[in-house]
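Student: Quick one: structure below, then a few questions.
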Amino acid sequence: MCDRVREGILVGCGNPLLDISAVVPLNFLQKYSMNEDDAILAEDRHMPIYGELVEGYQAEFLAGGSVQNSLRIAQWILRQPRVAVFFGCVGEDRYANILKEKAQAAGLDVHYQVKKDVPTGTCAVLITGTHRSLCANLAAANNFTIDHLEEPSNKALVDNAQYYYISGFFLTVNPPSIMQVAATAHAKQRPFLMNLSAPFISQFYMAPLLAALPYVDIIFGNEAEAQAFAEAQQWPSGDLREIGKRLVAMEKKNPTRPRIAILTQGCDPVLLIQQDSVQEFPVTKLAVHEIVDTNGAGDAFVGGFLSQFVQGKSLDVCIRCGNYAAGHIIKNPGCTYSGEPEFVE
Ligand code: AP5
Ligand code: NA
């Protein structure tokens, strides 16, 4: 059972995207010069993908967007509405309504910025066997502006929160908003958490990532993301533990609270890196027949983690809940859950 936590204790910013998910043949990927496990931003040449999926491949529509996924999962585990507040930008259309409905059904307190003349963002989830390739068309999500956070009611929500979570994905949209939330967290000595999100963030958005990093108390990532960060920094070692140690040792605004890195590696143990120590947390392997898809596993991990972190639980409990949540959504399509949460501390 969860302890009761205060409403609005957690604030997240990200890209609200509707996932358009379908099983496709390999030549579909080839046609768009995509690889089996990509996570990319759509360019002009990718735009026909979305229509093609809907018309030719029995596409499913699922609520997506990395941060919104994590917060929905946190809400599910907490069983108490409106603990988490979400900011992001949508259009004024059917997709925005679907996203809002799903988020609110999960208990999330959404405060979308609405751009009337731009469609809501979508993410193509191209499934080939056990692989998934993501192509995000941010559309309205890309129009998020800092003045949304400066509206008095929204500013009050940010000021009122005690925990802040923003994805690396949001670095492609609005770094000033990230810096503002980070500065608020820093001034109030409250934890600020970020995610490396995808290799392309370290490859192409390192400057804004490095600007935010000094404020980051906890950084999440998977193997490929950590490797991409290390490569972009021209670090010599490819060892995940070494990468984690270097990551936590980078400049930090508040040195009294050393940075923590949490690196997931699929069904291999989660690494918790604090200063010179690396702890491992085993993952319960799922049988092949139990796996529906691993989409959203990383997001669900963060959601499970946050659900405990906002209750002030130990990192050990937070990570075990992260693994529980990821394991659950792997048994469901996309980043969705079914039934009641069954996490026991
Ligand atoms: P997607 O990349 O599918 O989800 P994810 O949450 O990143 O999950 P992955 O499957 O990639 O997991 P991971 O590699 O991060 O973690 P790991 O394998 O280490 O992305 C989905 C969402 O991204 C979509 O909804 C989309 O909208 C959004 N998105 C895309 N582009 C975006 C953009 N530009 N902006 C915003 N949103 C965007 O695993 C993590 C944990 O899972 C492990 O620690 C473990 O607990 C568990 N786990 C993994 N594999 C197994 C296994 N085989 N057995 C048991 N447990 C497992
Ligand atoms: Na899933």
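Residue numbering for the sequence shown follows the working numbering, starting at 252 and increasing by one per position.
All residues carry an ideal CB built from backbone N, CA and C; glycine is no exception.
#1: Taking three-plus beta-carbon pairs below 8 Å as touching, is the stretch 583-593 in contact with the stretch 309-328?
#2: How many whole angstroms separate the CB atoms of residue 569 and residue 552, which I take to be in contact at a CB cut-off of 8 Å?
#3: What does DSSP give as the partner residue(s) for residue 528 in the beta ladder?
#4: Taking only three categories from DSSP, how would you classify residue 284?
#5: How many Å lie between residue 287 and residue 313 at the Cα?
#6: CA-CA distance, residue 487 and residue 416?
#7: Taking the C-alpha atoms as reference points, what is the distance between residue 426 and residue 396?
#8: Between which residues of its own chain and residue 289 is the CB-CB distance below 6 Å, once the five residues before and five after are set aside?
#9: Counting only the same chain and skipping the five closest in sequence on each side, list residues whose C-beta sits under 7 Å from that of residue 520.
#10: Where are the beta strand (DSSP E) runs, 3 residues long or more, that stay fully inside the stretch 262-307, in chain order?
#11: Three or more C-beta pairs under 8 Å: does that hold for the stretch 461-475 against the stretch 404-413?
#12: Using three-state DSSP, classify residue 472 as helix, strand or coil.
#13: Going by DSSP, what residue range makes up the alpha helix (DSSP H) through residue 573?
#14: Return yes when the C-beta of residue 550 is under 6 Å from any heavy atom of the ligand AP5, and no when it is not.
#15: Does the stretch 441-461 touch the stretch 488-497, meaning 3 or more C-beta pairs lie closer than 8 Å?
#16: By DSSP's criteria, residue 598 is part of a beta bridge. Which residues make up the other side?
#17: What residue range is occupied by the uninterrupted beta strand (DSSP E) comprising residue 311?
#18: Which whole-angstrom value is the C-beta distance of residue 522 and residue 495, which I expect to be below 8 Å?
#19: Using a Cβ-Cβ cut-off of 6 Å (strictly less than) and excluding sequence neighbours within five positions of residue 504, which residues of its own chain qualify?
#20: Could you work out which residue in 590, 462, 445, 389 is closest to residue 297 when comparing CA atoms only?
#21: Which of the three DSSP states is assigned to residue 252 in this structure?
#22: Going by CA-CA distance only, name the one from 440, 439, 431 that's closest to residue 462.
#23: Alpha carbon to alpha carbon, how far is residue 271 from residue 382?
#24: What residue range is occupied by the uninterrupted alpha helix (DSSP H) comprising residue 319?
#25: Taking all protein chains shown into account, do 16 or more other C-beta atoms lie within 10 angstroms of the C-beta of residue 376, making it buried, or fewer, making it exposed?
#26: Keeping to the same chain, check which residues put their C-beta closer than 7 Å to that of residue 575; ignore five residues upstream and five downstream.
#27: Just to confirm my understanding: we take residue 499, look at its own chain, exclude 5 residues before and 5 after, and list those with CB closer than 6 Å. What are they?
#28: So for residue 459, helix, strand or coil by DSSP?
#29: Which whole-angstrom value is the C-beta distance of residue 394 and residue 439, which I expect to be below 8 Å?
#30: In the structure shown, what three-state DSSP assignment does residue 594 receive?
#31: Note the first and the last residue of the continuous alpha helix (DSSP H) segment covering residue 397.
#32: In terms of residues, what are the limits of the beta strand (DSSP E) holding residue 382?
#33: Out of curiosity, what's the CA-to-CA distance linking residue 400 and residue 334?
#34: Please tell me whether residue 267 and residue 329 are closer than 7 Å, where the distance is taken between their beta carbons.
Tutor: Well, looking at it:
#1: Because the criterion of three Cβ pairs below 8 Å is met, the stretch 583-593 and the stretch 309-328 touch.
#2: No, residue 569 and residue 552 are not in contact; Cβ-Cβ is about 10 Å, not under 8 Å.
#3: 525
#4: In the three-state reduction of the DSSP assignment, residue 284 falls in the coil class, being assigned neither a helical nor a strand state.
#5: 20 Å
#6: Rounded to whole angstroms, residue 487 to residue 416 spans 30 Å at the Cα level.
#7: 10 Å
#8: The residues are 384.
#9: 531, 532, 533, 534
#10: 268-274, 290-292
#11: With a cut-off of 8 Å, the stretch 404-413 and the stretch 461-475 do not count as touching, because too few Cβ pairs lie within range.
#12: strand
#13: 566-581
#14: Short note on residue 550: C-beta closer than 6 Å to some heavy atom of the ligand AP5.
#15: Because the criterion of three Cβ pairs below 8 Å is not met, the stretch 488-497 and the stretch 441-461 do not touch.
#16: This structure gives no information on residue 598, because the portion of the chain shown stretches from 252 to 596.
#17: That run of the beta strand (DSSP E) goes 311-314.
#18: 6 Å
#19: Correct list, in chain order: 437, 465, 466.
#20: Taking only the C-alpha atoms, the option nearest residue 297 is 389.
#21: Confidence at residue 252 is low in this model, with a pLDDT of 49, below 50, so the placement of that residue should be treated as unreliable; the coordinate-derived value is given next. Of the three classes helix, strand and coil, the one that applies to residue 252 here is coil, per DSSP.
#22: 431
#23: 15 Å
#24: 317-329
#25: buried
#26: Cβ within range, chain order: 555, 594.
#27: 510, 512, 524
#28: helix
#29: The beta carbons of residue 394 and residue 439 sit about 28 Å from each other, so the pair does not count as a contact at 8 Å.
#30: coil
#31: 397-401
#32: 382-388
#33: Their backbone Cα atoms lie some 18 Å apart in a straight line.
#34: no
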